[in-house]
Amino acid sequence: MSSRITSPSRRVAAIGAVFALIVALVATGIAVGENINDDGGSDSAASSDASAGTGAGQQGDAAAADPEQQKMYDQFDKATARREDGDALALGKKDAPVVLVEYADYQCSYCGRFTRETQPELVKKYVDDGTLRIEFRNFPIFGKDSERAARASWAAGRQGKFWAFHDELYAKLRKGDALAEDKLVDLARKSGVGDADRFREDLKGSAAAAAVKKDQNEAYSLGVQSTPSFVVGGRPIAGAQPMSAFEEAITAARDHAKAAAK
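Per this note's numbering, the very first residue in the sequence shown carries number 945; after that it's consecutive.
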């Protein structure tokens, strides 16, 4: 079969299949080896709080050595990294050589784990020195409470407080009634959102719904099936993997970006 794919949509679909395959392989690892619970994990609408090992990151690095696979990663990176000016849901320089895109749900325990444990390390080691940009995507998969929390995070971003609100939501696992509108307003105030009335209006508005839907559609089109899921310089990583998995992917993507710039 020819390796040339002329249609951009077909390129994205092919790479999405790679993402879905990695998720499936990780899920298989869960089924055959429950002793790897402490290494990482993901939540899905079908089976929440499932755990996984480091296989996703390791497979991604091995595949990066293949020039044809690297072409797919480059296309995946172009399809996911937005690099938009003034993006309230992004951390880091717009022109950073590596973009990490996260697809997450606010009722996902492993998304919270990533936020509390791994994200601060990534910011300190890679975002602060200009190597990495983190772009968050709302991917609510657990129903209306998750969707409301996603819209609320977008609304907090309208007042420049997305990341403060995001971190507050993930400070502990919150589900169901803990994500009711009034509770979200209280969390917004705690996060420094100054105009509570505007926050409520934005939360319930059509713009918030459209922004969340855009992120959801992007995730589904790429084959994302569980949370958290990541794309690091075009390399898919499934689950809240240990820091080493992200370091490997960032290093590979950074080195490729440097080589491509020469």
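No residue lacks a Cβ here, since even glycine has one placed at the ideal position from N, Cα and C.
Once the 5 residues before and after residue i are set aside, which same chain residues still bring their CB inside 6 Å of it?
{"i": "L1147", "result": "R1095, A1096 and A1099"}
{"i": "V1067", "result": "none"}
{"i": "A1150", "result": "Going by the sequence as given, residue 1150 is Ser instead of Ala. Result list for S1150: empty, nothing under 6 Å."}
{"i": "D1199", "result": "none"}
Assuming residue i and residue j form a contact by the criterion Cβ under 8 Å, report the distance between their Cβ atoms to the nearest whole angstrom.
{"i": "A1093", "j": "T1171", "result": "Contact doesn't hold; Cβ gap of about 12 Å is too wide."}
{"i": "S1135", "j": "A1115", "result": "No, S1135 and A1115 are not in contact; Cβ-Cβ is about 10 Å, not under 8 Å."}
{"i": "V1156", "j": "P1084", "result": "7 Å"}
{"i": "V1071", "j": "A1201", "result": "Actually they do not touch by this definition, with Cβ atoms about 15 Å apart."}
{"i": "A1132", "j": "F1143", "result": "5 Å"}
{"i": "F1086", "j": "A1032", "result": "Not quite, the Cβ-Cβ distance comes to about 23 Å (not below 8 Å), so this is no contact."}
By the three-class DSSP mapping on this structure, what secondary structure does residue i have?
{"i": "T1075", "result": "coil"}
{"i": "E1028", "result": "coil"}
{"i": "G1120", "result": "helix"}
{"i": "L1035", "result": "strand"}
{"i": "S1097", "result": "helix"}
{"i": "S1090", "result": "helix"}
{"i": "D1139", "result": "coil"}
{"i": "D1021", "result": "helix"}
Just to confirm my understanding: we take residue i, look at its own chain, exclude 5 residues before and 5 after, and list those with CB closer than 7 Å. What are they?
{"i": "A901", "result": "Not covered by the structure: residue 901. The range shown for the chain is 945 to 1206."}
{"i": "V1129", "result": "A1140, F1143 and R1144"}
Leaving out five residues on either side along the sequence, give the residues of the same chain with a beta carbon under 8 Å from the beta carbon of residue i.
{"i": "L1117", "result": "Q1051, S1053 and G1056"}
Can you find at least 3 beta carbon pairs, one from the segment 1135–1144 and one from the segment 1076–1083, that sit closer than 8 Å?
In short, these stretches do not touch, since the Cβ pair count stays below three.
Evaluate contact between the segment 1180–1199 and the segment 1055–1068, counting only Cβ atoms and requiring at least three cross-stretch pairs below 8 Å. Yes, since at least three Cβ pairs between the segment 1180–1199 and the segment 1055–1068 fall closer than 8 Å, the two stretches touch.
Practice prompt. Note down, one range per segment and in chain order, each beta strand (DSSP E) of at least 3 residues found wholly within the segment 1038–1070.
Written response: Here the runs fully enclosed are 1042–1048.
**Study point:** Ordered list of beta strand (DSSP E) runs contained in the segment 1142–1198, each at least 3 residues
**Key:** Contiguous beta strand (DSSP E) elements confined to the segment 1142–1198 occur at 1173–1176 and 1179–1182, taking only those with 3 or more residues.
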